[in-house]
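The next block holds one structure in the form of structure tokens; read it before the comments.
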Amino acid sequence: MKDLTVPTMAELAAKGESPEILFWVGCAGSFDERAQKITRDICRILQHVGIKYAVLGTEESCTGDPAKRAGNEFLFQMQAMTNIQTLDAYEIKKIVTGCPHCFNTIKNEYPGLGGNYEVIHHSQLIQQLIDEGKLKAEGGESFKGKKITFHDPCYLGRGNNVYEAPRAALEILDAELVEMKRCRSNGLCCGAGGAQMFKEPEKGVKDINIERIDEALSLQPNIVASSCPFCMTMLSDGVKNYNKEQEVKVLDIAEITVKANGLDR
Amino acid sequence: MLLQVIFLLISIAAITFFTINVRKIARNINLGRPVDRSDRPGERMMVMLKVAFGQTKMVKRPIAAVLHLFVYIGFVIINIEVLEIIIDGLFGTHRIFAAPLGGFYNVLIASFEILAALVLFGVIAFLVRRNILKLQRFTGVEMTEWPKSDANIILIAEVLLMSAFLTMNAADYKLQLMGAAHYTPGGSFPVSGLLSPLLPESQGALIVIERACWWFHIVGIFAFLNYLPYSKHFHILLAFPNTYYSNLEPKGEFNNMAVVTNEVKAMLDPSFVPAPVEEGGRFGAKDISDLTWKNLMDAYTCTECGRCTSVCPANITGKLLSPRKIMMDTRDRATEVGNNIDRHGKEYKDDKTLLDTYISREEIWACTSCNACTEACPVNIDPLAIIMDLRRYAVMEESQAPASLNNMFGNVENNGAPWKYSPADRLNWRVES
Chain A
1347 MKDLTVPTMA ELAAKGESPE ILFWVGCAGS FDERAQKITR DICRILQHVG IKYAVLGTEE
1407 SCTGDPAKRA GNEFLFQMQA MTNIQTLDAY EIKKIVTGCP HCFNTIKNEY PGLGGNYEVI
1467 HHSQLIQQLI DEGKLKAEGG ESFKGKKITF HDPCYLGRGN NVYEAPRAAL EILDAELVEM
1527 KRCRSNGLCC GAGGAQMFKE PEKGVKDINI ERIDEALSLQ PNIVASSCPF CMTMLSDGVK
1587 NYNKEQEVKV LDIAEITVKA NGLDR
Chain B
23 MLLQVIFLLI SIAAITFFTI NVRKIARNIN LGRPVDRSDR PGERMMVMLK VAFGQTKMVK
83 RPIAAVLHLF VYIGFVIINI EVLEIIIDGL FGTHRIFAAP LGGFYNVLIA SFEILAALVL
143 FGVIAFLVRR NILKLQRFTG VEMTEWPKSD ANIILIAEVL LMSAFLTMNA ADYKLQLMGA
203 AHYTPGGSFP VSGLLSPLLP ESQGALIVIE RACWWFHIVG IFAFLNYLPY SKHFHILLAF
263 PNTYYSNLEP KGEFNNMAVV TNEVKAMLDP SFVPAPVEEG GRFGAKDISD LTWKNLMDAY
323 TCTECGRCTS VCPANITGKL LSPRKIMMDT RDRATEVGNN IDRHGKEYKD DKTLLDTYIS
383 REEIWACTSC NACTEACPVN IDPLAIIMDL RRYAVMEESQ APASLNNMFG NVENNGAPWK
443 YSPADRLNWR VES
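Protein sequences appear in the order of chains A and B. So that you can map any letter, position 255 of the first sequence is 1601 in my numbering, and since no number is skipped, the others follow by simple counting. So that you can map any letter, position 182 of the second sequence is 204 in my numbering, and since no number is skipped, the others follow by simple counting.
Have a look at this one:
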């Protein structure tokens, strides 16, 4: 495996340099073990195509998204304004996020508080790199004959009308793409949004992630793909619930891209 | 002459009574807080044309979409005929548009007849779906006796109106063929022509049938008009302004509360002088007067079709939350507050509130904010905005979030992450473990 070098903004600034793009890792991407792997894969992609990037590292803080969705507007705006100060201090212009929630919050809710940046989600970056011919699906694992279904994260899909970008990363593979009945604008939530990730669900007859994974598994896929760390947790738990971790992999599109291009070797 | 006077009086009474009730609803909607939706008029007009006139969001359910289209077009087009009926009623004329419009009149009447038949087909199919097939979408905790009866009353009223319209035409047609006085020939009757053989042959009986149906039809329309403000069926009017005033921002974007921005800025910078903001005294919403007028217009626009609830992940998995109930509760509470003002004056306060009396905490905390409900709504109603404002009240005014969310708030505040990790470890992922 090629060595992964991840520069921080502070390190670049010390050298008097600035990056093309800031990679906003997010809390899940920073701390959740499963999501950390996706974070490293996004870095591998950035490094592979030679984009000069940096992360904030310890200077990054929660965007405030879970606080806002849970009704704590004070905490959200405190987080937002602190983050905007950090971003503006480094004169950040362009941001790629590894999480649809960070993406939505910085892109849509920060401008009203004075934070104006060009924000893209990593699926959009991958799509762009594919379109520019900088990313292919060669030199790595073959997905030939594999059946893949994509789960739309709410804050990427319905929240921001990004439906095709994550699919572009899958269409380039020689795989069989199958859609769940509830896909794109009709996609069913994984159950984590609106701060549900951080609480027990209310009383009901079924967990939402089970409802969702039932639908995905009914297609008998080899891979359930998504592009959100929270969906990743919920869907993986769903697969585990049926003891199907061996047959069905839940993967982020960044991981699939890295595998297809052999960037992990 | 006497009949014309009676008709005039009925018309005036019907329109007066309708106007009074519409103004009450407008007053109730204006109990909400201000929100500016006057920007981008061109874009708004396009949304209204597409979503309300064009019914573009109905097509996700094709069967309902086609049936609803019959009733919708029928409703809009047959109203042209009502204009003629009113003029005939006021001046004692018979089919006054027939002579000036000539051949085109035949085309008009023929198309009204076909539409009336399609409306009949549509509403009967709707009755079957609700009462015989018992579609799941039309059930749920909020679908109590009244909402179910309301739907059936409207559908049966439309069956009766369309039947009267076609029977009237059938008798008229037969009288025209007989050369009866006053029944000057006019119109083409492709549907009622098939019914006319079923009617009696006596001219006197036919006139009684024709007049009875004419009166039943027009008085029925006035009654229907006056039923609208009491019914979920008010959507036929509010769908248009409600889509015009749609939220045009991405669905994922939730509004930033300006009043909070002022306080946060003052906290971060003591020299900050806040710009005045027009918001109510509370953070978030406890009752309908804390919501915006658009939230309340949404509530009065809801026709309880249940598309929102049928796609809600919380509801699908058996939780108490139903976005349709959120809208119905909001409307019912707004109506209750309005009635209180009418009875006891503006200052009267009862001991009820939207949160708790109508909508429980369990409901608002079950939402995943996934926007499936707002996407599904054919008239761009936003139940999520109301849920969010109720949460804001519970959290910022009462500190009544579920305990695990309070932990999350604490973590965000102290560690800059929703979990209990040290901010110093934020870059540890850089080293593969």
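Beta carbons are placed, not taken as given, at the ideal position from N, Cα and C, and that holds for glycine.
Endpoints, beta strand (DSSP E) assigned at residue i
i, result
"A:ALA1571", "1569-1572"
"A:LYS1595", "1595-1598"
"A:HIS1467", "1464-1467"
"B:ILE338", "Per DSSP, B:ILE338 belongs to no beta strand (DSSP E); it is in the alpha helix (DSSP H), 335-338."
"A:GLY1493", "Gly is not the amino acid found at residue 1493 of chain A; the sequence shown has Lys there. Segment 1493-1496, the beta strand (DSSP E) holding A:LYS1493."
"A:LEU1368", "1367-1370"
"B:LEU259", "Run containing B:LEU259: none in the beta strand (DSSP E); it sits in the alpha helix (DSSP H), 257-266."
"A:LYS1440", "1440-1443"
Beta-carbon separation (whole angstroms), residue i vs residue j, contact threshold 8 Å
i, j, result
"A:ALA1600", "A:ILE1472", "7 Å"
"B:GLU456", "B:ALA193", "No information on residue 456 of chain B is available, as it lies outside the stretch 23 to 455 that chain B covers here."
"A:ILE1452", "A:GLY1460", "So it is not a contact: roughly 12 Å between Cβ atoms."
"B:LEU137", "B:GLY96", "4 Å"
"B:ASP411", "B:GLY306", "5 Å"
"B:ASN248", "B:PHE39", "5 Å"
"A:LYS1552", "B:THR339", "4 Å"
"B:PRO335", "A:GLU1557", "7 Å"
"B:MET319", "B:ASN264", "5 Å"
Straight-line gap, residue i to residue j (C-alpha atoms, nearest Å)
i, j, result
"A:HIS1447", "B:ALA139", "50 Å"
"B:ALA280", "B:CYS324", "28 Å"
"A:VAL1570", "B:THR357", "47 Å"
"A:ALA1360", "A:ILE1438", "15 Å"
"B:ASN277", "B:LEU342", "26 Å"
"B:TYR322", "B:PHE256", "7 Å"
"B:PHE238", "B:ALA186", "7 Å"
"B:GLN26", "B:SER133", "28 Å"
"B:LEU250", "B:ILE47", "11 Å"
"B:ILE403", "B:SER426", "30 Å"
"B:VAL129", "B:LEU91", "21 Å"
"B:PRO207", "B:CYS327", "43 Å"
"A:GLU1455", "A:ILE1466", "14 Å"
"A:ARG1513", "B:GLU275", "23 Å"
"B:MET190", "B:SER253", "28 Å"
"A:PHE1489", "A:ASN1450", "31 Å"
"B:ARG355", "B:LEU53", "11 Å"
"B:ARG59", "B:MET67", "12 Å"
"B:THR78", "A:GLY1503", "19 Å"
"A:VAL1604", "A:ILE1391", "7 Å"
"A:MET1526", "B:PRO212", "46 Å"
"B:GLU164", "A:ALA1381", "40 Å"
Contacts around residue i, its chain only, beta-carbon distance under 6 Å, and the 5 residues preceding and following it disregarded
i, result
"A:GLY1372", "GLY1444, CYS1445 and CYS1448"
"B:LYS287", "PHE294"
"A:GLY1539", "CYS1500"
"B:THR375", "LYS308 and ASP309"
Start and end residues, alpha helix (DSSP H) containing residue i
i, result
"B:VAL65", "According to the sequence as given, residue 65 of chain B is Glu; it is not Val. B:GLU65 -> alpha helix (DSSP H) spans 63-69."
"B:ILE348", "345-366"
"B:ILE99", "84-113"
"A:GLU1379", "1379-1395"
"A:GLU1522", "Not the alpha helix (DSSP H): A:GLU1522 falls in the beta strand (DSSP E), residues 1522-1524."
"A:GLN1425", "1419-1435"
"B:LYS46", "24-51"
Own chain residues within Cβ distance below 8 Å of residue i, not counting five before or after
i, result
"B:PRO445", "ASN437, GLY438 and ALA439"
"A:ILE1384", "GLY1375, GLY1444, PRO1575, MET1578, ASP1598, ALA1600 and GLU1601"
"A:GLU1593", "ASN1568"
"B:GLU106", "ARG117, ILE118 and PHE119"
Same chain, Cβ closer than 7 Å to residue i, neighbours up to 5 away in sequence not counted
i, result
"A:ASP1629", "The requested residue 1629 of chain A is not part of the displayed model; chain A covers only 1347 to 1611."
"B:ASN433", "ALA439, PRO440, TRP441 and LYS442"
"B:LEU112", "GLN26, PHE29 and LEU30"
"B:ARG151", "LEU157"
Below-8 Å beta-carbon distance, residue i vs any chain D residue
i, result
"B:ASN269", "Among the chains of the structure shown, chain D does not appear; the protein chains present are A and B."
Residues in the region 288-313 of chain B with C-beta within 8 Å of chain A's C-beta atoms, listed in sequence order? MET289, LEU290, PHE305 and GLY306
What residues in the region 1505-1538 of chain A bring their beta carbon closer than 9 Å to a beta carbon of chain B? GLY1505, ASN1506, ASN1507, ARG1528, SER1531, ASN1532, GLY1533, LEU1534, CYS1535, CYS1536, GLY1537 and ALA1538
Members of the region 1444-1472 of chain A that neighbour chain B once the beta carbon cut-off is set at 7 Å: ASN1450, ASN1454, GLU1455, GLY1458 and LEU1459
Interface positions of the region 1539-1568 of chain A facing chain B (Cβ-Cβ less than 9 Å), listed along the chain: GLY1539, GLY1540, ALA1541, GLN1542, MET1543, PHE1544, LYS1545, GLU1546, PRO1547, GLU1548, LYS1549, GLY1550, VAL1551, LYS1552, ASP1553, ILE1554, ILE1556, GLU1557 and ARG1558
May I ask you to list, following chain order, the residues of the region 59-91 of chain B that have a beta carbon less than 8 Å from some beta carbon of chain A? LYS82
Pull out every residue of the region 1402-1418 of chain A whose Cβ sits closer than 8 Å to any Cβ of chain B, in chain order. GLY1403, THR1404, GLU1406, SER1407, CYS1408, GLY1410, PRO1412, ALA1413, LYS1414, ARG1415, ALA1416, GLY1417 and ASN1418
May I ask you to list, following chain order, the residues of the region 1379-1403 of chain A that have a beta carbon less than 9 Å from some beta carbon of chain B? GLU1379, ALA1381, GLN1382, LYS1383, THR1385, ARG1386, CYS1389, VAL1401, LEU1402 and GLY1403
Please name the residues in the region 324-356 of chain B whose beta-carbon is closer than 8 Å to at least one beta-carbon of chain A, in chain order. VAL333, PRO335, ALA336, ILE338, THR339, GLY340, LYS341, LEU342 and LEU343
Under 9 Å (Cβ pairs) to chain A, residues found in the region 374-404 of chain B: GLU384, GLU385, ILE386, TRP387, ALA388, CYS389, THR390, SER391, CYS392, ASN393, ALA394, THR396, GLU397 and ALA398
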